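Chains as they are written, first to last, in numbering that gives the first Met the number 0: chain A, 0 to 156; chain B, 0 to 193.
For each residue, glycine too, the CB sits at the ideal point set by N, CA and C.
As the structure is a computational prediction, the values presented were derived from the model and not from experiment.
Before any comments, here is the structure.
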Amino acid sequence: MEFEHLYKEYSSKIFRVCFGYFNDTEMAKDVMQDTFITVFTNLKEIKHQENIAGWIYRIASNKCLRQIENEKKKQLGSEYSFLNHEETDHRVEDANFVRLHQCIAELPDMDRLIIGFYLEDLKQDKIAEILGLSHSNVRVRIHRIKEVLSKKMKEDE
Amino acid sequence: MNNFLDLKKTWQSLEVDADESFNEFSQTLQQWRKRKRMAILLWFIAAIFFSAICFAYVIHTDELNSIYKSISEIILLVISVHLFGYSWGRITGERNEYLSNSTDFIRTLPDIYLKQGQRDLMMFCIVTTFLLISVYLHFLDSMFKSPAGVMLSSTLLLTLISIVWIILKPILSKRIKRKNQRLSSKIVEIFQYD
């Protein structure tokens, strides 16, 4: 599969997952680009093209988790030119968006990745496979995260 | 906002401008390749430069016909070849983080770092020791002129080697372990909700 096509198809998805994990535009952008560098350099090695999405998500989640090596603290990020301008302006002012990301930022590391993948419409067994967790564990966690998020969002309303 | 579908809609409202992002990525990729090429180029320049020095040194010491200097140059050559091989591995080696799932990957990180750190430390100690020995052997002929000189330089050599192995190695090893423990505790935090 052509790399440019892959990038355009998955960049938004990977950026959202990374942004959900870090709640920091700069970090999310760096990790997204780092993810695609790894995709670019290893694309020839992937044998099962049908599982390419899972492969890209796995690289992204490993890159996100690897940031524990850095001591840098998380902070709310600024804007970037590559974000869709019209969407961005609307998004920043969107209180729901900010609230949702603040609620997600309070979740544990693995849960932030799980909910990110889930909101990207990944199936539970796929999430379990990417993160190396059992299917039942992912199912329980998603149920719990949904409850926590709903509760927090209600509280903030 | 109670509905999960609303949350999903809000989540997916964040879109990346694919064309602009791809252009930015292409530049990043170019810079990344440039850095990698530069590292390899520097490595080759260093290797060529060092080979030239070694070549000149070998010719120079052959003329002197000294057994100690010959041993010294062999030690230097072996150390250098080993170091160049090691640095080549560090430049071209990449972590296969695209192969394992996140849990396996993150759980193996401290082990990888610990092994890498200890390998680097061991390399530092061995190379420094051999380097000191080769310097010692290089000047041994001239030191033979006075027995006190041999005694003094041998004592100095042993002292320096002892400092490397008895003082420096444990200090650096402790630092590696401390860093590794910090990483391990962060990983434990990640999995504490399992």
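Query, Result
"Unbroken alpha helix (DSSP H) run spanning GLU146 of chain B, endpoints", "Looking at the sequence shown, residue 146 of chain B is not Glu but Pro. Run containing PRO146 of chain B: 146-161, per the alpha helix (DSSP H) assignment."
"Separation of CYS17 of chain A from PHE43 of chain B, as counted between CA atoms", "37 Å"
"Neighbouring residues, chain B, relative to GLU105 of chain A (Cβ below 9 Å)", "Simply none; closest approach about 13 Å."
"Whole-Å CB distance - ALA46 of chain B paired with PHE83 of chain B, under 8 Å assumed", "5 Å"
"Assumed close pair ASN100 of chain B, GLU128 of chain A - CB separation to whole angstroms, cut-off 8 Å", "7 Å"
"Residues in the segment 12-27 of chain B having any Cβ partner in chain A nearer than 7 Å", "SER12, LEU13, GLU14, VAL15, ASP16, ALA17, GLU19, SER20, PHE21, GLU23, PHE24, THR27"
"Proximity below 7 Å, CB of PRO109 of chain B to CB of LEU182 of chain B", "yes"
"Span separating the alpha-carbon of SER184 of chain B from that of VAL134 of chain B", "43 Å"
"Buried versus exposed call for THR34 of chain A [16 or more other C-beta atoms within 10 Å across all chains shown]", "buried"
"Contacts that LEU182 of chain B makes with chain A (C-beta to C-beta distance below 9 Å)", "ILE67, GLU68"
"Outcome for ASP23 of chain A when other beta-carbon atoms lying within 10 angstroms are tallied against a minimum of 16", "buried"
"Residues, ordered as in the chain, of the segment 38-59 of chain A that lie near chain B by beta-carbon distance below 7 Å", "PHE39, ASN41, TRP54, ARG57, ILE58"
"Test item: CB-CB of PHE24 of chain B and GLN32 of chain A under 7 Å", "yes"
"Residues that ILE186 of chain B contacts on chain A, provided the C-beta gap is smaller than 8 Å", "ILE67"
"Which listed residue (B:MET121, B:ASP119, B:ILE186, B:PHE129) has its alpha carbon closest to that of SER79 of chain B", "B:PHE129"
"8 Å contact criterion, which LEU131 of chain B and ILE111 of chain B should meet: CB distance rounded", "That belief does not hold up - the Cβ atoms of LEU131 of chain B and ILE111 of chain B are roughly 31 Å apart, past 8 Å."
"Exposed unless 16 or more other CB atoms sit within 10 angstroms - verdict on LEU106 of chain A", "buried"
"ILE144 of chain A and VAL137 of chain A closer than 7 Å at C-beta", "no"
"Cα-Cα separation, GLU44 of chain A to ARG57 of chain A", "15 Å"
"Host alpha helix (DSSP H) of TRP87 of chain B (start-end)", "66-91"
"Beta-carbon separation (whole angstroms), SER60 of chain A vs LEU112 of chain A, contact threshold 8 Å", "5 Å"
"ILE114 of chain A burial status per 10 Å Cβ neighbour count (16 or more: buried)", "buried"
"Extent of the continuous alpha helix (DSSP H) to which LEU120 of chain B belongs", "101-137"
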